[in-house]
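Novice:
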Amino acid sequence: MHPRDSRLLASFQRRVTTLPAISLRPRVLCWVQTLSILLCAVVLLASSASAQLPVPSPPPPPPPGQASNSGKQGSSIKVDVNLVVLHTTVLDDRQRFADGLKQENFRVFEDKVEQKLSVFKREDVPVSMGLVIDNSGSMREKRPRVNEAALTLVQASNPRDEAFVVNFNDDFYLDLDKDFTSSIPELKEALERIDSRGSTALRDAIIGSLDHLKKGSKDKKVLLVVTDGEDNASHNSLEKTLREIQKTDTVIYTIGLLGSEGKKEAKRAKKVLQEIAAASGGVAYFPENVEDVHSICEQVAHDIRNQYTLAYYPSNANRDGSFRAVSVEVIPPRGRGKLMARTRNGYYAPSAPAASTTSGSGN
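All residue numbers in the sequence shown are consecutive under our numbering, ending with 384.
1) Just reading off the beta strand (DSSP E) that residue 247 is part of, what are its end residues?
2) From residue 331 to residue 105, what does the alpha carbon distance come to, in whole angstroms?
3) Would you call residue 323 buried or exposed, if buried means 16 or more other Cβ atoms sit within 10 Å of its Cβ?
4) If you reduce the DSSP assignment to three classes, tell me which class residue 168 lands in.
5) To the nearest angstrom, how far is the alpha carbon of residue 221 from that of residue 155?
6) Quick one: does the C-beta of residue 360 sit closer than 7 Å to a heavy atom of the ligand NAP?
7) Would you identify the three-state DSSP class for residue 345, choosing helix, strand or coil?
8) Start and end of the beta strand (DSSP E) containing residue 184?
9) So residue 368 and residue 267 are in contact, right, with Cβ under 8 Å, and what is the actual spacing, rounded?
10) On a Cα-Cα basis, can you pick out the residue from 139, 136, 274 and 211 that is closest to residue 168?
11) Please list the terminal residues of the continuous alpha helix (DSSP H) segment that includes residue 320.
12) Do you know whose CA, among 313, 171 and 364, lies nearest residue 207's CA?
13) Going by other Cβ atoms of all chains shown within 10 Å of its Cβ, with 16 needed for buried, is residue 130 buried or exposed?
14) Which runs of the beta strand (DSSP E), 3 residues or longer, sit entirely within the region 114-152?
15) Can you give me the Cβ contacts of residue 312 inside the same chain, cut-off strictly under 8 Å, excluding the 5 residues immediately before and after it?
16) Give the single residue among 253, 108, 103 and 112 whose Cα lies nearest to the Cα of residue 361.
17) Going by other Cβ atoms of all chains shown within 10 Å of its Cβ, with 16 needed for buried, is residue 257 buried or exposed?
18) Just the C-alpha distance for residue 157 and residue 202, rounded to the nearest angstrom, thanks.
19) Bridge partners for residue 372 per DSSP, in chain order?
20) Please look up how many angstroms separate the CB atoms of residue 183 and residue 139, rounded, as I've assumed it's under 8 Å.
21) Would you mind reading off the limits of the alpha helix (DSSP H) that contains residue 254?
22) Extract the residue ranges of the beta strand (DSSP E) inside the region 192-231, only unbroken runs of 3 or more that lie entirely within it.
23) Residue 253: which of 190, 306, 178 and 125 sits nearest, CA to CA?
24) Report the partner residues of residue 155 according to the DSSP bridge assignment.
25) Just to confirm before moving on: does the CB-CB distance between residue 245 and residue 271 stay below 8 Å?
26) Is residue 304 helix, strand or coil when you go by DSSP?
27) Which stretch, first to last residue, makes up the beta strand (DSSP E) that contains residue 273?
28) Determine the direct distance from the alpha carbon of residue 162 to that of residue 351, and round the result to whole angstroms.
29) With C-beta atoms as the reference, is residue 178 less than 8 Å away from residue 363?
30) Under a three-way DSSP split, which group does residue 350 fall into?
31) Of all the options 318, 263, 250 and 194, which has the alpha carbon lying nearest to the alpha carbon of residue 233?
32) Thinking just about the alpha-carbon of each residue, which of 297, 277 and 365 is nearest to the one in residue 310?
33) Hey, how far is the Cα of residue 151 from the Cα of residue 185?
34) Where do the ends of the beta strand (DSSP E) carrying residue 334 lie?
35) Using DSSP bridges, identify the partner residues of residue 363.
Structure representation (structure tokens):
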């Protein structure tokens, strides 16, 4: 374990301190027994009174094919495991965000079969966000600019966002003393916590960060990943990493500072970052200079805050764990040019629970 950082395990568990048991003296024990009897009497009286009150009926479940909303209307989507959520960016031929679209302007396909939308929204919703930053030795001189840009992303995002920081090299570290924060000073301290050293375990850091995002309180999840080289230290394969991405609806934006890599290494690293972003509906950026990361992070913040949310219950209801390819087609309103949608390219259907077996059939 690094002396200044808590190691980020796959489950992101933190150390739990258990207080020692305290023995009571006999003369104190008698007093405690008396107090316990009095408390029991109070509980019995309260239970008797509450038994006479009418019990409210639970709210009815949402109709089939509809998502239930919790809290402020439109602020979140509380869904069951079958609802497929697509955070979708729509751009015109000049790469400008296309606003003002309605549900009838979208067609969603799963394995080339058109699906019926159950949810359609375009709102600036808060997100749970992970800043996953390469801290290998080659990043030493780049980190100050990258740190500033990452903070710019948070500052330009929804003020109700929550974020965490993962610094990674040979290993990866959650550099906050809490799961998430909205505090810029706390995020700044976390980004600056450890010295750049070692190799690059990119895939491991992404899988660990996806797992940590499950603790986020926001429905929408985002990762920003910044690295300057090819993964050379991960235990997890690219195939497993893509599979874990496609099990979630997390949008991942990758930034590759590959100018110092050899030609072959840079080509391989670029391909990996593109595949990671495409699988999630995000974007892969490859700036020539570290100074460009600042403007890229501003673009990412704008992208996050200008997405459409589409969701549907798949017509293929089989819980078989299979991969389902997804695509979104935009039908532009009259007078508007061609519009292109960007969203995740598919997902893995949930698997049916394993059948339970009983022993002792009696035969």
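Even glycine gets a Cβ: it sits at the ideal position worked out from N, Cα and C. The model shown is predicted, which means the values in this text are computed figures rather than measured ones.
Specialist: Per the coordinate set shown:
1) For the purposes of this step, residue 247 is taken as residue 226 along the sequence shown, with counting starting at 1. That run of the beta strand (DSSP E) goes 241-248.
2) One-based indexing of the sequence shown puts residue 331 at position 310. One-based indexing of the sequence shown puts residue 105 at position 84. Rounded to whole angstroms, residue 331 to residue 105 spans 8 Å at the Cα level.
3) Numbered from 1 along the sequence shown, position 302 holds the residue referred to as residue 323. The residue is exposed, with fewer than 16 neighbouring Cβ atoms inside 10 Å.
4) On the sequence shown, residue 168 is found 147 positions in, with the first residue counted as 1. Here residue 168 sits in helix by DSSP.
5) Numbered from 1 along the sequence shown, position 200 holds the residue referred to as residue 221. Numbered from 1 along the sequence shown, position 134 holds the residue referred to as residue 155. Their Cα atoms are separated by approximately 7 Å.
6) No copy of the ligand NAP appears in this structure; indeed no ligand is present at all.
7) Here residue 345 is taken as the residue at index 324 of the sequence shown, counted from 1. The answer is strand: DSSP assigns residue 345 an E or B state.
8) Taking the first residue of the sequence shown as 1, we reach residue 184 at position 163. Boundaries of the beta strand (DSSP E) harbouring residue 184: 183-189, taken from the DSSP string.
9) Taking the sequence shown and counting its residues from 1, one reaches residue 368 at position 347. Taking the sequence shown and counting its residues from 1, one reaches residue 267 at position 246. Right, the Cβ-Cβ distance comes to about 5 Å (below 8 Å), so this counts as a contact.
10) Position 147 of the sequence shown, counted from the start, is the residue given in the question as residue 168. Put simply, of 139, 136, 274 and 211 the residue whose alpha carbon is nearest the alpha carbon of residue 168 is 211.
11) For the purposes of this step, residue 320 is identified with residue 299 of the sequence shown, where counting begins at 1. Annotation for residue 320: the continuous alpha helix (DSSP H) segment containing it runs 314-325.
12) The count along the sequence shown starts at 1 and reaches residue 207 at position 186. Its Cα nearest to that of residue 207, the residue 171 stands out among 313, 171 and 364.
13) Along the sequence shown, one-based indexing puts residue 130 at 109. Result: exposed.
14) Taking only runs of at least 3 residues, the beta strand (DSSP E) segments lying wholly in the region 114-152 are 127-131, 134-136 and 138-142.
15) If you number the sequence shown from 1, residue 312 lands on position 291. The answer, listed in chain order, is 166.
16) Counting from one through the sequence shown, the residue named residue 361 turns up at place 340. Closest by alpha carbon: 112.
17) Locating residue 257 in the sequence shown gives position 236, counting from the first residue. Buried: at least 16 other Cβ atoms inside 10 Å.
18) Mapped onto the sequence shown, residue 157 falls at position 136. Mapped onto the sequence shown, residue 202 falls at position 181. Cα to Cα, residue 157 sits roughly 25 Å from residue 202.
19) Start at 1 with the first residue of the sequence shown, and residue 372 comes out as number 351. Residue 372 is bridged to 341.
20) Along the sequence shown, read from residue 1 onward, the residue named residue 183 stands at position 162. Along the sequence shown, read from residue 1 onward, the residue named residue 139 stands at position 118. Not quite, the Cβ-Cβ distance comes to about 27 Å (not below 8 Å), so this is no contact.
21) Here residue 254 refers to the residue found at position 233 when the sequence shown is read from its first residue. Run containing residue 254: none; DSSP gives neither H nor E here.
22) 193-195
23) Within the sequence shown, the letter at position 232 stands for residue 253. Per the Cα distances, 190.
24) As a position in the sequence shown, residue 155 is number 134, starting the count at 1. DSSP, once it has assigned bridges, lists 189 as partnering residue 155.
25) Stepping through the sequence shown from its first residue, residue 245 is reached at position 224. Stepping through the sequence shown from its first residue, residue 271 is reached at position 250. Cβ atoms of residue 245 and residue 271: not closer than 8 Å.
26) Residue numbering aside, residue 304 sits at position 283 when the sequence shown is read from its first letter. Note: residue 304 maps to coil in three-state DSSP.
27) On the sequence shown, position 252 is the one that residue 273 refers to. Per DSSP, residue 273 belongs to the beta strand (DSSP E) from 272-277.
28) Within the sequence shown, numbered from 1, the residue matching residue 351 stands at position 330. Within the sequence shown, numbered from 1, the residue matching residue 162 stands at position 141. A straight-line Cα-Cα distance of about 43 Å links residue 351 and residue 162.
29) Here residue 178 is taken as the residue at index 157 of the sequence shown, counted from 1. Here residue 363 is taken as the residue at index 342 of the sequence shown, counted from 1. The beta carbons of residue 178 and residue 363 sit no closer together than 8 Å.
30) Here the question's residue 350 lines up with position 329 in the sequence shown. Of the three classes helix, strand and coil, the one that applies to residue 350 here is strand, per DSSP.
31) Locating residue 233 in the sequence shown gives position 212, counting from the first residue. Nearest of 318, 263, 250 and 194 to residue 233, Cα basis: 194.
32) By one-based count along the sequence shown, residue 310 stands at place 289. Taking the Cα of residue 310 as reference, the smallest distance to any Cα among 297, 277 and 365 is reached at 277.
33) Taking the sequence shown and counting its residues from 1, the one referred to as residue 151 is at position 130. Taking the sequence shown and counting its residues from 1, the one referred to as residue 185 is at position 164. Between residue 151 and residue 185, the C-alpha separation is close to 5 Å.
34) Mapped onto the sequence shown, residue 334 falls at position 313. First-last for residue 334: undefined, no H or E at that position.
35) On the sequence shown, position 342 is the one that residue 363 refers to. Bridge partners of residue 363: 110.
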